[in-house]
Amino acid sequence: MSDIVYSIENLLIQSGKTSILTIENLNFKAQQIHLIAGPNGSGKTTLMKAMNNLIRVKKDCIFYKGKDITINNEIVRNNSVYVHQNPYPLKGSVYYNISYGLKLRKISEEIIQTKVDEILYMLNIKDLKNKTAYTLSAGELQKCALARAIVLDCEVFFFDEPVSSVDIKSVDCIKETMQYLVYERKKTVIYTTHQSLSTENLYDNIIRLDTGRIVK
4 MSDIVYSIEN
14 LLIQSGKTSI
24 LTIENLNFKA
34 QQIHLIAGPN
44 GSGKTTLMKA
54 MNNLIRVKKD
64 CIFYKGKDIT
74 INNEIVRNNS
84 VYVHQNPYPL
94 KGSVYYNISY
104 GLKLRKISEE
114 IIQTKVDEIL
124 YMLNIKDLKN
134 KTAYTLSAGE
144 LQKCALARAI
154 VLDCEVFFFD
164 EPVSSVDIKS
174 VDCIKETMQY
184 LVYERKKTVI
194 YTTHQSLSTE
204 NLYDNIIRLD
214 TGRIVK
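Sequence positions in the sequence shown follow our numbering and run 4 to 219.
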């Protein structure tokens, strides 16, 4: 079985006549941490959204395990999760926000409580469990959104600028969590940053984007 989880071929995304993203060939191996780096406006978020079917693309451009995602949306929905840079919380507590996806899957409340508590501990946000999500700071909300994604136990995690709004201590916690997901739970993590790579040391593979194209 191929170890390629996502592959891209001849992808072109335009706004009117302006090219936003042009990628001829790109592969993402399973069970690795992939960093998509580049300045603001370089196409990082556009690429991640396209890989999650959140932006319409032409057929035969983006494949999940060899299957065209434009005609197999359920595969993407069931096996990957995307966390926005500026997540929007649901009404209710942090616990409710994190548990929501599991409730939709009709998982028992006992199992949900165990899974949520595990994630709260992992991200060091146990004290936020009963807080109203709307009252959280930007950094706390980012960690809540990460927890809501991680608890779903998908195969591929997309994190858009996951450390842009958090303090240094939280940065270390989030990076350790990404390492745990990949190296212990055998998941795949794809995340973005616009920060200097001199301070970015967490990746198995790096894709540099500038003005919508891969650069070396």
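Ideal Cβ positions, reconstructed from N, Cα and C, are used throughout, including at glycine.
- request: For Q198, collect the residues of the same chain with a Cβ closer than 7 Å to its Cβ; drop the 5 residues on either side in sequence, then sort them by chain order.
  value: none
- request: Just the C-alpha distance for K219 and Y98, rounded to the nearest angstrom, thanks.
  value: 43 Å
task: Determine contact between the region 153-166 and the region 84-95, defined as no fewer than three beta-carbon pairs at a distance below 8 Å.
output: yes
- prompt: DSSP beta-bridge partners for K70?
  reply: Y67
task: Measure the Cβ-Cβ separation of S83 and N100 and say whether it is below 8 Å.
output: no
message: Under DSSP, the alpha helix (DSSP H) around A40 begins and ends at which residues?
response: In the DSSP assignment, A40 falls outside any alpha helix (DSSP H) and lies within the beta strand (DSSP E) extending over I36 to A40.
field: Secondary structure of G19, DSSP reduced to three states
entry: coil
query: Which of the three DSSP states, helix, strand or coil, is assigned to S140?
result: coil
task: Kindly list the residues whose CB is nearer than 6 Å to the CB of I153, restricted to its own chain and excluding five residues on each side of it in sequence; keep chain order.
output: I122
field: 8 Å Cβ cutoff met for V119 and S102
entry: yes
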